[in-house]
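Colleague: Let me give you the structure first, and then I'll get to my questions.
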Amino acid sequence: MKTSLAVTTVLLGSTHGFSPVALPRNVKTNSHVRVSMAASDNESLRSKAAAFSAALAIGLTPLAASAATPVNVPYSNLLGEIKSGEVERLVFASDEKSVLVTTSEGVQQVSSVLPSVQEKLIDLLVSADVPFTVQPLPEPSALDAIFSTVARLAFPLFLLFLFLAPRLGGGAAGPMGGMGGGMFDIGKSKSKIEMEPDTGVTFADVAGCEGSKLELVEIVDFLKKPEKFAAVGAKAPRGVIMEGPPGTGKTLLAKAVAGEAGVPFISASGSEFVEMFVGVGASRIRDLFGQAKKSAPCIIFIDEIDAIGKSRSGGAGGTNGGGNDEREQTLNQILTEMDGFEGSTGVVVVAATNRADVLDAALLRPGRFDRRVPVDLPDKTGRFEILKVHARSKPLDASVDLEKVAARTTGFSGASLANLLNEAAIVAARRERTDISISEVEFALDRLTVGMEKRTGMANIKRQELVAYHEAGHAIMGAVTPGFDAVGKVTIIPRSNGAGGFTLFVPSEELQDSGMYSRRYLEAQLAVALGGRIAEQLVYGDSDITTGASGDFQRVAQVARMMVTQWGFAIDELGATAWEGPNGNGMGQPRMASASTEKKIDEQVEIIVRRAYDRCFKCLSDNRNLLEEMKNTLILEETIDYLGVMKLIKEYGVNIDESILEIPPALQDMADAMGIDASDIEAVTA
2 MKTSLAVTTV LLGSTHGFSP VALPRNVKTN SHVRVSMAAS DNESLRSKAA
52 AFSAALAIGL TPLAASAATP VNVPYSNLLG EIKSGEVERL VFASDEKSVL
102 VTTSEGVQQV SSVLPSVQEK LIDLLVSADV PFTVQPLPEP SALDAIFSTV
152 ARLAFPLFLL FLFLAPRLGG GAAGPMGGMG GGMFDIGKSK SKIEMEPDTG
202 VTFADVAGCE GSKLELVEIV DFLKKPEKFA AVGAKAPRGV IMEGPPGTGK
252 TLLAKAVAGE AGVPFISASG SEFVEMFVGV GASRIRDLFG QAKKSAPCII
302 FIDEIDAIGK SRSGGAGGTN GGGNDEREQT LNQILTEMDG FEGSTGVVVV
352 AATNRADVLD AALLRPGRFD RRVPVDLPDK TGRFEILKVH ARSKPLDASV
402 DLEKVAARTT GFSGASLANL LNEAAIVAAR RERTDISISE VEFALDRLTV
452 GMEKRTGMAN IKRQELVAYH EAGHAIMGAV TPGFDAVGKV TIIPRSNGAG
502 GFTLFVPSEE LQDSGMYSRR YLEAQLAVAL GGRIAEQLVY GDSDITTGAS
552 GDFQRVAQVA RMMVTQWGFA IDELGATAWE GPNGNGMGQP RMASASTEKK
602 IDEQVEIIVR RAYDRCFKCL SDNRNLLEEM KNTLILEETI DYLGVMKLIK
652 EYGVNIDESI LEIPPALQDM ADAMGIDASD IEAVTA
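Just add 1 to the spot in the sequence shown (first one is 1) and you have the numbering used here.
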């Protein structure tokens with residue numbers, strides 16, 4: 002007969018690996034273990050005493066026998082023992098998969114029991130009047146819970162520490178503090194401080210930016226003789242921002258100002274103030290300016306200030322919006338610190354950036370960074386002066402004329418020129434030379450502009466022929482176009498940047514400096530860019546042209562579209578207006594043209610490209626003999642210089658403007674750099 006589902010759990014010690022567990026609610030129990038509640042107190046006490054005695058008897062017996070190792074018996078044997086009355090008591094283990102049996106002879110046995118048969122086993126125990134119980138779950142102590150939690154979190158916390166330690170540490174502290182070696186220094190500045198009055202750099206060490214140096218002379222005067230300004234009630238500028246392309250010497254100029262004035266130089270990078278924790282950047286700014294005030298008079302130099310000084314957006318949903326944004330808090334702290342300067346503090350903040358257009362307006366207002374000093378790419382004279390500075394420690398032989406090298410490096414920054422001479426020195430050492438010749442300089446110049454030479458694939462005759470035709474098409478079209486860039490070199494030697502060969506055009510200094518290009522020049526640029534594909538088409542036909550002109554087409558599409566949408570060179574309907582911003586119609590850029598206007602823009606771009614294509618096709622078709630001869634010369638010699646190109650044009654060219662055989666005044670610098678004078682041209686054209 003089935004009994005009630007109520008169960009009394011009796012606490013037992015852990016025996017032979019038994020750990021406590023609660024008995025399921027649907028388990029039927031033995032009436033001998035049930036505790037009943039009587040109405041009278043005496044009955045209740047007697048019942049409790051009886052229950053306690055029974056529990057104690059049941060609990061102590063297994064403990065007393067625990068010294069003996071339980072015997073494993075099959076489940077079938079266990080059923081037989083229960084039916085025959087040989088089982089005195091039974092304990093269900095906490096894992097719900099085994100039971101501990103005590104026989105009438107005091108022998109302990111262990112038997113495995115599947116959870117699915119436990120209900121039938123309980124029915125059998127009840128019918129056989131065998132007392133049974135369940136080993137309950139233990140109550141974990143607070144100490145166990147703490148140890149368990151720590152054990153689970155130890156490894157993740159260790160990994161987190163390894164990740165954050167470098168960001169919170171920052172290396173050894175400098176002589177004046179700076180960022181220390183522990184995470185508790187997270188709010189301290191990482192700035193580098195040079196306390197010696199002589200920084201080792203003066204204006205004499207900075208070449209190629211004479212105009213910028215003139216702007217900074219008054220900063221030196223203020224730091225040297227502040228009383229001169231105070232006497233007339235003048236306040237020296239608190240901040241100077243230098244803007245210009247990378248590598249033009251902005252950091253060197255700031256050091257030179259400190260060296261000329263003989264004051265400490267504190268340098269930091271804008272990225273050092275931006276961390277993953279909000280408020281760290283502002284704390285580091287406070288620490289930086291605190292150090293500067295203690296070291297006054299001094300110069301604070303913040304490189305790449307656009308990392309923290311970008312313009313703030315209006316809404317909280319913007320990229321830099323929101324009062325809790327780390328970058329914005331850092332910027333606000335800079336503004337606050339610069340507002341707090343007194344006229345006599347003797348601290349000048351110098352910053353550098355190549356993205357002045359993205360800086361916040363509050364940063365550039367009078368009283369903060371109110372002086373803007375442009376540091377542009379050097380002109381020919383500037384490049385010559387820079388080359389002289391970097392050539393001081395390098396042995397140059399008589400073949401190296403730095404003025405000619407300066408003329409050939411239009412568009413190079415000071416850092417690029419320093420790298421050029423260093424690469425030339427490396428090549429000279431590799432060639433076992435004790436000095437640097439013009440050959441090493443030429444090699445380094447090619448390496449920096451078009452990549453390393455690759456001799457792999459040069460044995461492929463078909464590849465050589467294809468590249469020779471392609472480059473000859475560019476060179477001929479450029480050489481026979483009056484007013485276009487001079488052809489400095491044509492080669493079919495492949496380069497590490499992926500180019501199978503290249504044609505080097507040298508722009509004039511005036512054109513490079515002004516940055517203003519005529520419509521005639523741009524149309525010529527399109528025709529020259531198409532010369533490679535058209536040469537392939539003339540020789541191999543439409544079916545065998547290659548993908549070698551992919552980069553040329555990208556450039557053609559870009560220039561032609563800018564002519565129509567930005568520079569007002571549309572031929573008819575669109576007129577002289579701009580239909581796109583400087584960055585085109587990219588993501589986030591407002592559309593300035595309707596769909597119908599966009600269609601007209603595409604039509605105008607197609608017209609401009611078609612005119613350039615027809616012009617180039619006619620020129621190369623008329624000069625097919627010149628194309629073939631230049632191809633043959635390239636395969637034979639691999640490289641043709643300016644004089645070689647002029648010689649071929651004079652000998653094989655037809656229907657060309659004779660003015661191209663003269664050295665235009667605008668290209669005289671390029672001719673000088675190549676050692677070409679009027680007598681050379683006369684010899685070629687005679």
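For every residue, glycine included, the Cβ atom is placed at its ideal position computed from N, Cα and C.
(1) Grab the span of the alpha helix (DSSP H) containing Val529 for me, first residue to last.
(2) Would you mind stating whether Trp580 and Met564 have Cβ atoms separated by less than 7 Å?
(3) With a cut-off of 8 Å, do at least 3 Cβ pairs link the stretch 351-369 to the stretch 238-257?
(4) With a 10 Å radius around its C-beta and 16 neighbouring C-beta atoms as the bar for buried, classify Lys214 as buried or exposed.
(5) So what does DSSP say about Glu329, is it helix, strand or coil?
(6) Could you tell me how far apart the beta carbons of Val406 and Leu378 are, in whole angstroms, since I believe they sit closer than 8 Å?
(7) Count the other C-beta atoms from every protein chain shown that fall within 10 angstroms of the C-beta of Pro63, then say buried if there are 16 or more, exposed otherwise.
(8) So Gly260 and Val218 are in contact, right, with Cβ under 8 Å, and what is the actual spacing, rounded?
(9) Taking the runs of the beta strand (DSSP E) that are 3 residues or longer, which of them lie wholly in the stretch 100-134?
(10) Quick check on Gly645: does DSSP put it in helix, strand or coil?
(11) Tell me which same chain residues have a C-beta within less than 7 Å of the C-beta of His475, skipping the five on either side of it?
(12) How far does the alpha helix (DSSP H) with Arg616 in it extend, from its first residue to its last?
(13) Tell me, please, which residues DSSP counts as bridged to Glu454.
(14) Within 10 angstroms of its Cβ, does Pro246 collect 16 or more other Cβ (buried), or is it exposed?
(15) Do you know offhand how far Pro157's Cα is from Val72's?
(16) At what residues does the alpha helix (DSSP H) containing Thr252 begin and finish?
(17) Can you check which of these residues, Gly552, Val258, Glu228, Val540, is closest to Ile301 by C-alpha distance?
(18) How should Phe370 be labelled, buried or exposed, when 16 other C-beta atoms within 10 angstroms of its C-beta is the threshold for buried?
(19) Taking three-plus beta-carbon pairs below 8 Å as touching, is the stretch 446-457 in contact with the stretch 279-289?
(20) Return the CA-CA distance between Gln538 and Asp545, expressed in angstroms with no decimal places.
(21) When we look at the beta-carbon of Val428 and count the other beta-carbons within 10 Å, is it buried (16 or more) or exposed?
(22) Does DSSP classify Asp545 as helix, strand or coil?
(23) Just list the residues that DSSP pairs Thr354 with in beta bridges.
(24) For Cys299, list the residues DSSP reports as bridge partners.
(25) Would you give the residue range spanned by the alpha helix (DSSP H) that Pro137 belongs to?
(26) If we ignore side chains and look at the alpha-carbon of each, how far apart do Pro75 and Val100 end up?
(27) Go ahead and pull the three-state DSSP assignment for Ala237.
(28) From the DSSP secondary-structure annotation, give me the bridge partner or partners of Lys490.
(29) Does the count of Cβ pairs from the stretch 109-119 and the stretch 141-150 closer than 8 Å reach three?
(30) Going by DSSP, name the residue or residues bridged to Lys311.
(31) Who are the Cβ neighbours of Glu386 in its own chain at under 7 Å, not counting the five residues just before and after it?
(32) Are there 16 or more other CB atoms within 10 angstroms of the CB of Phe727, so buried, or fewer, so exposed?
(33) Give me, in chain order, the residues of the same chain whose beta-carbon lies closer than 8 Å to that of Thr578; leave out the 5 immediate sequence neighbours on both sides.
(34) Are Asp87 and Thr103 close, meaning C-beta to C-beta below 7 Å?
(35) So, helix, strand or coil for Ser95, using DSSP?
(36) Do you know offhand how far Ser268's Cα is from Asp304's?
Modeller: Result, derived from the coordinates:
(1) Within the sequence shown, numbered from 1, the residue matching residue 529 stands at position 528. Note, Val529: alpha helix (DSSP H), 520-530.
(2) Here residue 580 refers to the residue found at position 579 of the sequence shown. Here residue 564 refers to the residue found at position 563 of the sequence shown. The answer is no: Cβ separation not under 7 Å.
(3) yes
(4) The sequence position of residue 214 within the sequence shown is 213, counting from 1. Classification of Lys214: buried, given that the 10 Å Cβ count is 16 or more.
(5) Walking along the sequence shown from the start, residue 329 turns up at place 328. Helix at Glu329.
(6) On the sequence shown, position 405 is the one that residue 406 refers to. On the sequence shown, position 377 is the one that residue 378 refers to. Not a contact, Cβ separation roughly 16 Å.
(7) Indexing the sequence shown from 1 puts residue 63 at position 62. Per-residue confidence for Pro63 stands at a pLDDT of 45, beneath the threshold of 50, marking its modelled position as unreliable; no derived number is given.
(8) Here residue 260 refers to the residue found at position 259 when the sequence shown is read from its first residue. Here residue 218 refers to the residue found at position 217 when the sequence shown is read from its first residue. Val218 and Gly260 do not touch by the CB rule: their CB atoms are close to 13 Å apart, not below 8 Å.
(9) 109-113
(10) For the purposes of this step, residue 645 is taken as the residue at position 644 of the sequence shown. Note: Gly645 maps to helix in three-state DSSP.
(11) Position 474 of the sequence shown holds residue 475. The residues are Thr504, Val529, Gly532, Gly533.
(12) Within the sequence shown, residue 616 is the residue found at index 615, counting from 1. Here the alpha helix (DSSP H) through Arg616 covers 596-623.
(13) Looking up residue 454 in the sequence shown gives position 453. For Glu454, which the question treats as bridged, DSSP gives the partners Arg496.
(14) As a first step, residue 246 is located in the sequence shown; it is residue number 245 there, counting from the start. Burial state of Pro246 is exposed, judged by a 10 Å Cβ sphere holding fewer than 16 other Cβ atoms.
(15) Here the question's residue 157 lines up with position 156 in the sequence shown. Here the question's residue 72 lines up with position 71 in the sequence shown. Whole-angstrom Cα-Cα distance: 44 Å.
(16) Taking the first residue of the sequence shown as position 1, residue 252 is located at position 251. Looking at the DSSP string, the run of the alpha helix (DSSP H) that includes Thr252 is 251-262.
(17) Looking up residue 301 in the sequence shown gives position 300. The option with the nearest alpha carbon to Ile301 is Val258.
(18) As a first step, residue 370 must be located in the sequence shown, where it is residue number 369. Buried.
(19) no
(20) Here residue 538 refers to the residue found at position 537 of the sequence shown. Here residue 545 refers to the residue found at position 544 of the sequence shown. Each residue's Cα considered, the two are about 8 Å apart.
(21) In the sequence shown, the residue the question calls residue 428 occupies position 427. Label assigned to Val428: buried.
(22) Looking up residue 545 in the sequence shown gives position 544. Reduced to three states, the DSSP call for Asp545 is helix.
(23) On the sequence shown, position 353 is the one that residue 354 refers to. DSSP, once it has assigned bridges, lists Glu244 as partnering Thr354.
(24) Here residue 299 refers to the residue found at position 298 when the sequence shown is read from its first residue. BP columns for Cys299 point to Val348.
(25) Here residue 137 refers to the residue found at position 136 when the sequence shown is read from its first residue. Note, Pro137: premise wrong, no alpha helix (DSSP H); not H, not E.
(26) Numbered from its first residue, the sequence shown carries residue 75 at position 74. Numbered from its first residue, the sequence shown carries residue 100 at position 99. Roughly 11 Å between the two C-alpha positions.
(27) Translated into positions along the sequence shown, residue 237 becomes position 236. Residue state, collapsed to three classes: coil.
(28) Within the sequence shown, numbered from 1, the residue matching residue 490 stands at position 489. Answer by DSSP bridge pairing, in chain order: Leu505, Asp642.
(29) In the pairwise beta carbon analysis, the stretch 109-119 is classified as not touching the stretch 141-150: fewer than three pairs are separated by under 8 Å.
(30) By one-based count along the sequence shown, residue 311 stands at place 310. For Lys311, which the question treats as bridged, DSSP gives the partners Leu360.
(31) Residue numbering aside, residue 386 sits at position 385 when the sequence shown is read from its first letter. Contacts found: Ala208, Gly209.
(32) Coverage of the chain is limited to positions 2 through 687, which leaves residue 727 absent and any answer about it impossible.
(33) Residue 578 sits at position 577 when you count from the first residue of the sequence shown. Result list for Thr578: Gly569, in chain order.
(34) Mapped onto the sequence shown, residue 87 falls at position 86. Mapped onto the sequence shown, residue 103 falls at position 102. Strictly speaking, residue 87 in this sequence is Glu, with Asp absent from that position. No, the pair does not count as a contact, with Cβ atoms beyond the cut-off.
(35) As a position in the sequence shown, residue 95 is number 94, starting the count at 1. Three-state result, Ser95: coil.
(36) The residue you call residue 268 lines up with position 267 of the sequence shown. The residue you call residue 304 lines up with position 303 of the sequence shown. So the alpha carbons of these two residues sit roughly 8 Å apart.
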